[in-house]
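Chemist: First the structure, which I've put down as structure tokens, then a few questions once you've had a look.
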Amino acid sequence: MTTAELEVRKLRPSDLVRLATVGLRTRKLRAGLSAIGIAIGVAAIVAVLGLSSSASAGLLNEISALGTNLLVVQNGQTFSGQPAELPVAASAMIGRIDAVTAAQQTGLVTGNVYRSPLIPTIDSNALSIEAASPGLLRTVGTRVAEGSYLNAATAQEPVVVLGAATAQRLGIDRVFSGERIWLDNQWFYVAGILAPAVLAPNIDSSALVGFPAAERYLGFDGHPSTIYVRAQTASVDAVDNLLGATADPENPNEVDVSQPSAALVARADAQGAFDGLFLGLGAVALLVGAVGVANIMIISVLERRSEIGLRRALGATRGHIRVQFLVEAVLLAFVGGTIGVGAGALSTAVYANTKHELVVIPAIAWGGGIGAAVLIGAVAGLWPALRAARMSPTQALWSM
Amino acid sequence: MTAPINIGEHPGLVDPSDPDGDRPGPVLEVDQVSKVYPSEPPVTALRNVSFRVARGELVGIVGPSGSGKTSLLQLMGTLDRPSAGRVRIAGLDVERLSDREVAALRATQIGFVFQQFFLAEHQSALDNVADGLLYAGVVQAERRARALDALRLVGLAERPHARPNQLSGGQRQRVAIARALVGSPAIVFADEPTGNLDQATGRAVLGLFEELHRMGVTIVIITHDREIAGRLGRRIELLDGQIVLDSAEISGGSASPVQGVPGHGECTNS
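Which chain is which? The protein sequence lines are A and B, in order.
To convert a position in the first sequence, counted from 1, into my numbering, add 24.
To convert a position in the second sequence, counted from 1, into my numbering, add 264.
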């Protein structure tokens, strides 16, 4: 026998896993309870990230369905602070820009909207009357929910189409023939009800009439107040720069141009505003779980002194003992993390389903959750493992 | 009882580095070993203890509690290091080995049998025995095959899948002995192997050790029981950390590997 023959053998991975699961297999309840601590933390993190991603994914999906190429031109203010007026020809002029595929307009008409003349005038429901051009719906990305939209004939007559919110506030959810509402002291017949216009919310709270009808019956001057412009997606920025000068060549600075989808994207981002708080709570739960794992591992090391002593007598090095207990802690935390990811994903799916949202669980949530659990297991198990490895075999075997 | 077994069928019993057993030099050499535990005041557990164990010997180390038996076992078993003196196992000076090398030495050259058995309750007798090879770098299939051989050797081949709690005390100790033997170590240390057993069972376990001794296994049994020690081939008596009697020296300096020398028990009792 020579020293060269004394070679320390590494544990095979299969043996290491078998050793590291001894504690978990023999004390299942205890292992389960300490894994729950980690599971709760990971579940909280996964659910928070999953829920906010699902919510914004729903919104972003809606936005991309509606298109990000809608630009809105509105009258701004004059130098003296009065509302400016867009030229009557503004819409037609914008339509001549090459990259513009559609330009439709609405014009604000003074007057209030009531269900009937018997409603007190003060109950105006914050509704407005808008003159609307015939191709408006396609351009703003909405559709008729009930009845029909204005056509060349009804645009001339006292006929109104209600925005989604308008119909709701007036208590109209169906269109009957002969149904009418009281518009600026005269009856207008209801032709249709629109679906919500996500990109143009002020259409929702308007009653739409044709430009000719507005001029004939409501004293409208024909100046548009809002022009909805669809541009080729690649040229949106270029069109954006041209719109002011095209809409009102004399006073381009009195024109406001905006991109409604940008505001919605910002809103989607804002869905995650409270994420930090909940992620913090999840991190606290993880920390508590880590303390639980460390505690259980220390108890385990104390309880298994004789096992440690025996293994040393059978030829285990300190390293063998250390890696056994470290891997056990990591496995314990990994099991907890996996359960946590499952629970977090499940609660996200259930919640998103009730809200009819897309279920989105970002990779960083589940990957990070399991990764954090494993890291925590390693950190929490390090000291107990070192302690187990430091234990002298004679003390472990003979001082019981 | 164990059926007689032809040692040739059990390669596990033969040291692979010395298949004929004709290598010169003792398996265990304890040379002027002292052990002092640092406390206030320091406790001297062993004082200048020297002896040698040749290949194939069955040695009993006997002494009352506090005589230093356990300290000596820990030093011989390389679980602790002496304060002074040298311990050599299979020709290797333990003093010169690193912790890792000593662990590898235990994994391949030393078998332990403990009074409390130290079996893992959650696994079968077979796997308990197979764990004796875990740190020697043997793959699981071979560990199990060799564990079955070792169980056969101790007469438990019929119940390899029994859990320790389904076995009697004597059977458990046989499993522990099989675990000590499975790596075909150069030497087996047994610490009060009959201490937790009733007399009849203890006698049977001792019979097993004698049988293994006849097969050529080198065994050192630590016990406080003079009757047990009297049955063993060679007896070393410890008192207050010193050897007061070594039956091998009385019989002329050469170890008698098979039979004890009659009459020595009475001699030391006086």
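Here a beta-carbon is modelled for each residue, glycine too, at the ideal position from N, C-alpha and C.
When DSSP builds the beta bridges, which residues end up paired with residue 299 (chain B)?
Modeler: Residue pairing for residue 299 (chain B): DSSP places it in a beta bridge opposite B:310.
Chemist: In terms of alpha-carbon separation, which member of B:465, B:404 and B:385 lies closest to residue 433 (chain B)?
Modeler: With distances taken between Cα atoms, residue 433 (chain B) lies closest to B:465.
Chemist: Going by C-alpha to C-alpha distance, which of A:418, A:383 and A:368 sits closest to residue 85 (chain A)?
Modeler: A:383
Chemist: What are the boundary residues of the alpha helix (DSSP H) that includes residue 349 (chain A)?
Modeler: 342-378
Chemist: Given a limit of 9 Å on CB to CB distance, which residues of the region 333-360 of chain A reach chain B?
Modeler: 333, 334, 335, 336, 337, 338, 339, 340, 341, 342, 343 and 344
Chemist: Below 8 Å on the Cβ atoms is my contact criterion, and I expect residue 65 (chain A) with residue 309 (chain A) to pass it. Report the Cβ-Cβ distance as a whole number of Å.
Modeler: 4 Å
Chemist: In this structure, what does DSSP give as the bridge partners for residue 128 (chain A)?
Modeler: A:252
Chemist: Closer than 7 Å, CB to CB, is residue 285 (chain B) near chain A or not?
Modeler: With a pLDDT of 48 at residue 285 (chain B), under the threshold of 50, the modelled position of this residue cannot be trusted, and the question is left open.
Chemist: Flag this pair as yes or no: are the beta carbons of residue 411 (chain B) and residue 446 (chain B) separated by less than 7 Å?
Modeler: Yes, they are a contact pair.
Chemist: Is there a C-beta anywhere in chain B that falls below 7 Å from the one on residue 324 (chain A)?
Modeler: no
Chemist: Going by DSSP, what residue range makes up the beta strand (DSSP E) through residue 324 (chain B)?
Modeler: 322-326
Chemist: If the cut is a Cβ gap below 9 Å, which residues of chain B does residue 37 (chain A) touch?
Modeler: Within 9 Å Cβ-Cβ: nothing; residue 37 (chain A) doesn't reach chain B, min ~12 Å.
Chemist: Is the region 180-190 of chain A in contact with the region 207-224 of chain A, if contact means three or more CB pairs nearer than 8 Å?
Modeler: yes
Chemist: Tell me whether residue 285 (chain B) sits in a helix, a strand or coil according to DSSP, three-state version.
Modeler: At residue 285 (chain B) the pLDDT is 48, less than 50, meaning the model places this residue with poor confidence and gives no usable figure here.
Chemist: With a cut-off of 7 Å, does the C-beta of residue 44 (chain A) fall near any C-beta of chain B?
Modeler: no
Chemist: Note down the Cα distance separating residue 37 (chain A) from residue 482 (chain B), rounded to an integer number of angstroms.
Modeler: 34 Å
Chemist: With the cut-off set at 7 Å, would you say residue 199 (chain A) and residue 159 (chain A) are in Cβ contact?
Modeler: no
Chemist: Please list, in chain order, the chain B residues whose beta carbon lies closer than 8 Å to that of residue 330 (chain A).
Modeler: 380 and 382
Chemist: Which of the three DSSP states is assigned to residue 420 (chain B) in this structure?
Modeler: Correct three-state label for residue 420 (chain B): coil.
Chemist: Taking 7 Å as the cut-off, decide whether the C-beta atoms of residue 133 (chain A) and residue 238 (chain A) are in contact.
Modeler: yes
Chemist: Where DSSP assigns a beta bridge to residue 206 (chain A), which residues make up the other side?
Modeler: A:138 and A:211
Chemist: Are the CB atoms of residue 322 (chain B) and residue 497 (chain B) nearer to each other than 7 Å?
Modeler: yes
Chemist: Taking beta-carbon pairs under 8 Å, can you tell me which members of the region 384-417 of chain B lie near chain A?
Modeler: 384, 385, 386, 395, 396, 398, 399, 400, 401, 403 and 404
Chemist: List the endpoints of the continuous beta strand (DSSP E) containing residue 319 (chain B).
Modeler: No beta strand (DSSP E) contains residue 319 (chain B), which DSSP labels as neither H nor E.
Chemist: If contact means a Cβ-Cβ distance below 8 Å, which residues of the region 335-352 of chain B contact chain A?
Modeler: Result list: 338, 341, 343 and 344.
Chemist: Residues in the same chain with beta-carbon distance under 6 Å from residue 63 (chain A), minus the five sequence neighbours each way, listed in chain order, please.
Modeler: 360, 363 and 364
Chemist: Considering only their Cβ atoms, is the gap separating residue 389 (chain A) from residue 73 (chain A) smaller than 7 Å?
Modeler: yes
Chemist: Taking just the CA atoms, how far does residue 168 (chain A) sit from residue 105 (chain A)?
Modeler: Residue 105 (chain A) and residue 168 (chain A) have their alpha carbons spaced roughly 37 Å apart.
Chemist: Taking the alpha-carbon positions, what's the residue 209 (chain A) to residue 178 (chain A) distance?
Modeler: 19 Å
Chemist: Distance cutoff 7 Å, beta carbons only. Does residue 372 (chain A) sit that close to anything in chain B?
Modeler: Residue 372 (chain A) does not count as touching chain B.
Chemist: Please report how far the alpha carbon of residue 212 (chain A) lies from the alpha carbon of residue 391 (chain A), in whole angstroms.
Modeler: 60 Å
Chemist: Helix, strand or coil, according to DSSP, for residue 350 (chain B) in the structure here?
Modeler: strand
Chemist: Against residue 57 (chain A), what residues of chain B qualify as contacts under a CB-to-CB distance less than 7 Å, listed in chain order?
Modeler: Correct list: empty, because the minimum Cβ distance to chain B is about 19 Å.
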